[in-house]
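If you read the sequence shown in our numbering, its first letter stands for residue 17, the second for the next number, and so on. Below is one structure, written out as structure tokens; the observations come after it.
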Amino acid sequence: MRRMKVGRLMTDDVVSALPETSFREVAKLLAEHDVTGLPVMDEDDRVVGVVSESDLLSRRALTAGELMSAPAVTVHAEEPVADAARLMVRRGVERLPVVDEEERLVGIVTRRDLLRVFLRPDAEIRARVRDDVVGEVPDLPDEAVDVHVLDGVVTLVGQVRRPDQAVMLVRLTERVEGVVAVVDRMSAGTDPDGTRPA
């Protein structure tokens, strides 16, 4: 199943600071570019921390290096969007600098960027579930399960051969970007050998 990557959502034109950037200059950068935080980078373009508006308000330091939260919580461009969202929630951050294999800054992704995924049209979600989920479950005819989507809530209706197929369908559907919830209206039928699952 294809999963949307962070690289598709990130902003690659990133406003950043150096550790020696002054308090006043950091405040000016945040205001001029209408952002709530920015990464702090060393001379090799590696992210060493992040300065946010709350850092400016809660600390009275003179430079970005003294103000920043460190070490920075970062993400790679090839990581799935869902994983980035979970990382943001777990670490309590509003933005994630996106880095390459050498930990150099290539972009930034914010909670607002990730929330755009949940604005995906129902028809697009339905197509993804039909093409990428139903077709991925082994030994399941395409017509066995019908997919209905309303406001991001996916309802799976039909008859599968085995209970484990229904479990797999629900789990894979939950991982599709834009899915808010999954309603399971599937029943398990008779296996091809004539036995009925418990």
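Quick reminder that beta carbons are idealized off the backbone N, C-alpha and C, glycines included. In this text the structure is predicted, and so the values were computed from the model without any measurement.
Q | 3-residue-minimum beta strand (DSSP E) runs that sit fully inside the segment 96 to 183, ordered along the chain | A | 111 to 115, 121 to 126, 161 to 166 and 169 to 176
**Q.** DSSP state of ALA47 mapped onto helix, strand, coil
**A.** Taking the sequence shown and counting its residues from 1, the one referred to as residue 47 is at position 31. Annotated three-state conformation of ALA47 is helix, per DSSP.
Q. Alpha carbon to alpha carbon, how far is GLU36 from SER85?
A. As a position in the sequence shown, residue 36 is number 20, starting the count at 1. As a position in the sequence shown, residue 85 is number 69, starting the count at 1. Rounded to the nearest angstrom, the two C-alpha atoms are 15 Å apart.
Q. Using the rule of at least 16 other Cβ atoms within 10 Å of the residue's Cβ for burial, across every protein chain shown, is LEU25 buried or exposed?
A. Taking the sequence shown and counting its residues from 1, one reaches residue 25 at position 9. When all chains shown are included, LEU25 counts as buried.
Q) From which residue to which residue does the beta strand (DSSP E) around LEU54 run? A) Position 38 of the sequence shown holds residue 54. Note, LEU54: beta strand (DSSP E), 53 to 57.
Q) Under 7 Å, do ALA43 and ALA80 count as touching if we go by C-beta distance? A) In the sequence shown, the residue the question calls residue 43 occupies position 27. In the sequence shown, the residue the question calls residue 80 occupies position 64. Cβ atoms of ALA43 and ALA80: not closer than 7 Å.
Q. With distances taken between CB atoms, is the gap from VAL31 to VAL51 smaller than 7 Å?
A. Reading the sequence shown from its first residue, position 15 is the one you call residue 31. Reading the sequence shown from its first residue, position 35 is the one you call residue 51. Cβ atoms of VAL31 and VAL51: closer than 7 Å.
(Q) Is the separation between the beta-carbon of ASP99 and that of LEU83 shorter than 7 Å? (A) Position 83 of the sequence shown, counted from the first residue, corresponds to residue 99. Position 67 of the sequence shown, counted from the first residue, corresponds to residue 83. Contact flag unset, no.
Q. Where does VAL97 land, buried or exposed, given buried means 16+ other C-beta within 10 angstroms?
A. Taking the first residue of the sequence shown as 1, we reach residue 97 at position 81. Counting Cβ neighbours within 10 Å, VAL97 comes out buried, since at least 16 surround it.
Q. For ARG201, which residues does DSSP report across the bridge?
A. Taking the first residue of the sequence shown as position 1, residue 201 is located at position 185. DSSP, once it has assigned bridges, lists VAL173 as partnering ARG201.
Q) By DSSP, does SER68 sit in helix, in strand, or in coil? A) Numbered from its first residue, the sequence shown carries residue 68 at position 52. Strand.
**Q.** The alpha helix (DSSP H) enclosing GLY23, as first and last residue numbers
**A.** Working through the sequence shown from its first residue, we reach residue 23 at position 7. Per DSSP, GLY23 belongs to the alpha helix (DSSP H) from 22 to 25.
(Q) So, with DSSP's three-state summary, where would you put SER74? (A) As a first step, residue 74 is located in the sequence shown; it is residue number 58 there, counting from the start. If DSSP states are grouped into helix, strand and coil, SER74 belongs with the helices.
Q. By DSSP, does THR189 sit in helix, in strand, or in coil?
A. As a working mapping, residue 189 is identified with position 173 in the sequence shown. Residue state, collapsed to three classes: helix.
(Q) Quick test of the definition: if touching needs 3 or more C-beta pairs under 8 Å, does the segment 108 to 123 touch the segment 167 to 184? (A) The segment 108 to 123 is not in contact with the segment 167 to 184.
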